[in-house]
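Below: one structure, written as structure tokens.
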Ligand code: SF4
């Protein structure tokens, strides 16, 4: 089976779905929504190529070491590589973890694609639809635009999870590099990244 092409992995985050989760960003997105927050994930070049089994082991270690309850797949576009991701999702669900998957496609399109059946069958919570910059999401967590839909594909979660607040996480590595994940309004991001302006 082909290798996964990944942008990054965060072992434990509270900002990418219900509860504490291991988050895996894929490299490569054929959807290409204008105004996307992650355009660096559009190209298929420059990602890290790994067997899905290695990633499954990392997710299960994250469960053991950090108590994560599930895996979140984000983009890039996860359904640009549905078969190895479907195998990864099935493997971690077999160990009792939940799977949340984001896609820029709509569920109806994905259901018409035989190659997507495995990943859909192993996804508990699917968030679908392209990012539309002119339809900002006013209240729901984790999504950028109001057209995007939550599909509860199994009984693992229900709409009560949408009561969670949006979170933004910032990590500073020992080499000084800074990574952000989660979702915030442009105003909140500007306030965070330019704190000196808050003191005027
Ligand atoms: S599907 Fe996601 S990663 Fe791809 S362009 Fe749209 S918002 Fe960006």
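Residue numbers (the UniProt record's numbering): 1 to 200.
Using N, Cα and C, we set each Cβ at its ideal position, and we do this for glycine too.
Residues that residue 25 bridges to, as DSSP identifies them:
On the chain shown, position 25 is the one that residue 25 refers to. Per DSSP, 8, 74.
How would the residue list near the ligand SF4 read, in chain order, if you kept each one whose beta-carbon is closer than 6 Å to any heavy atom?
29, 31, 32, 33, 36, 38, 41, 75, 76, 77, 104, 130, 131
Reference residue 7, options 117, 48, 115, closest by Cα
Here the question's residue 7 lines up with position 7 in the chain shown. Closest by alpha carbon: 48.
Residue closest to residue 35, alpha-carbon to alpha-carbon, out of 17, 143, 133, 177
Translated into the one-based positions of the chain shown, residue 35 becomes position 35. Of the listed residues, the one whose Cα sits closest to residue 35 is 133.
Any non-hydrogen atom of the ligand MN closer than 6 Å to residue 133 Cβ
As for the ligand MN, it is missing from this structure, which binds only the ligand SF4.
What are the boundary residues of the beta strand (DSSP E) that residue 149 is part of?
As a working note, residue 149 is residue 149 in the chain shown. 149–152 is the extent of the beta strand (DSSP E) around residue 149.
Measuring CB to CB, does residue 101 end up less than 7 Å from residue 126?
In the chain shown, the residue the question calls residue 101 occupies position 101. In the chain shown, the residue the question calls residue 126 occupies position 126. Taking 7 Å as the Cβ cut-off, residue 101 and residue 126 qualify as a contacting pair.
For residue 32 versus residue 98, is the C-beta spacing smaller than 7 Å?
Translated into positions along the chain shown, residue 32 becomes position 32. Translated into positions along the chain shown, residue 98 becomes position 98. No. Outside cutoff.
Write down every uninterrupted run of the alpha helix (DSSP H) in the region 93–140 whose length is 4 residues or greater and which is fully enclosed by it, in chain order.
107–111, 117–121
Specify the secondary structure class of residue 86 as computed by DSSP and reduced to three states.
One-based indexing of the chain shown puts residue 86 at position 86. Looking at residue 86 - three-state DSSP - the assignment turns out to be helix.
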